[in-house]
Amino acid sequence: MKLTKQQLENWKAWIAAAESGEYQQGNFNLVSSRVDNCFCIMGLACKVMGLEILDLGDDGKRFDFGDETLHGCPPGVWFRDNFGIEVSHEFSEYDMGLNHAPLWKLNDSYDVTFPEFAKIFKAQVIDVAEIID
């Protein structure tokens, strides 16, 4: 996997947040509208990158991506620029019996925990990263 130095640092920050125990893990939305400090795995990436959380009242909470305030998945260009992969990139975790699934599916359907994501990211990103700067 080819990454810039900054993208690699972003991954390391994401992994540290996933391992920290500071955040609750949620499903189906980037950020929970009902529970503070609760994110899906992709929402945790948005939090780590410092995106502002907008409270839209009855419409819930969203990260501010400018014109796109999505709740389910970060915009592809933003994700690719910051992490060097497509939003649909498939990860695998054979120890858990999972065979190639995107992050949202691992989070929402297979209940992969933040510490388990950290392990996956270390093995499938950090350990194989090739810096292209």
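Position in the sequence shown (from 1) plus 1134 gives the number in my numbering. Just so you know, even glycine gets a beta-carbon here, dropped at the ideal spot from N, CA and C. Because the structure is a prediction, the values reported are computed rather than measured.
Buried/exposed call for V1259, threshold 16 Cβ in 10 Å | The residue labelled residue 1259 in the question sits at position 125 within the sequence shown. Burial call: buried.
Under the three-state DSSP convention, the category S1226 falls into | Residue numbering aside, residue 1226 sits at position 92 when the sequence shown is read from its first letter. In this structure, S1226 counts as strand in the three-state DSSP scheme.
Residues bridged to P1236 (per DSSP) | Position 102 of the sequence shown, counting from 1, holds the residue named residue 1236. Paired residues: E1224.
So R1196 is in the beta strand (DSSP E); what residue range does that whole segment cover?
-> The sequence position of residue 1196 within the sequence shown is 62, counting from 1. First-last of the beta strand (DSSP E) with R1196: K1195 to F1197.
Kindly list the residues whose CB is nearer than 6 Å to the CB of D1261, restricted to its own chain and excluding five residues on each side of it in sequence; keep chain order.
-> In the sequence shown, counting from the first residue as 1, residue 1261 sits at position 127. Listed in chain order, the non-local C-beta contacts of D1261 below 6 Å within the same chain number zero, local neighbours out to five positions each way being set aside.
Using DSSP with H/G/I as helix, E/B as strand and the rest coil, what is D1189?
-> Within the sequence shown, residue 1189 is the residue found at index 55, counting from 1. D1189 carries a strand assignment under DSSP once its states are collapsed to helix, strand and coil.
Just to confirm, are N1241 and M1183 a CB contact at a threshold of 8 Å?
-> Counting from 1 along the sequence shown, the entry for residue 1241 is found at position 107. Counting from 1 along the sequence shown, the entry for residue 1183 is found at position 49. Taking 8 Å as the cut-off, the beta carbon of N1241 is found no closer than this to the beta carbon of M1183.
Give the single residue among P1249, A1257, F1213 and A1263 whose Cα lies nearest to the Cα of S1154.
-> Translated into positions along the sequence shown, residue 1154 becomes position 20. It is P1249 whose Cα lies nearest to the Cα of S1154.
How should G1218 be labelled, buried or exposed, when 16 other C-beta atoms within 10 angstroms of its C-beta is the threshold for buried?
-> Taking the first residue of the sequence shown as 1, we reach residue 1218 at position 84. Buried, because 16 or more other Cβ atoms sit within 10 Å of the Cβ of G1218.
Beta carbon of A1263 nearer than 8 Å to that of L1178 | Indexing the sequence shown from 1 puts residue 1263 at position 129. Indexing the sequence shown from 1 puts residue 1178 at position 44. No, the pair does not count as a contact, with Cβ atoms beyond the cut-off.
Cut-off 7 Å between Cβ atoms - residues of its own chain near N1216, not counting five sequence neighbours on either side = Counting from one through the sequence shown, the residue named residue 1216 turns up at place 82. In the same chain as N1216, and ignoring 5 residues on each side of it, the C-beta atoms closer than 7 Å to its own belong to Q1141, N1144 and M1183, in chain order.
Compare the Cα-Cα distances from D1192 to each of G1210, A1152, R1168 and I1175 and report the closest residue.
-> For the purposes of this step, residue 1192 is taken as residue 58 along the sequence shown, with counting starting at 1. Checked all of G1210, A1152, R1168 and I1175; the closest Cα to D1192 is R1168.
Alpha carbon of N1171 to alpha carbon of E1156, nearest angstrom | Taking the sequence shown and counting its residues from 1, one reaches residue 1171 at position 37. Taking the sequence shown and counting its residues from 1, one reaches residue 1156 at position 22. Going by the C-alpha atoms only, they are around 8 Å apart.
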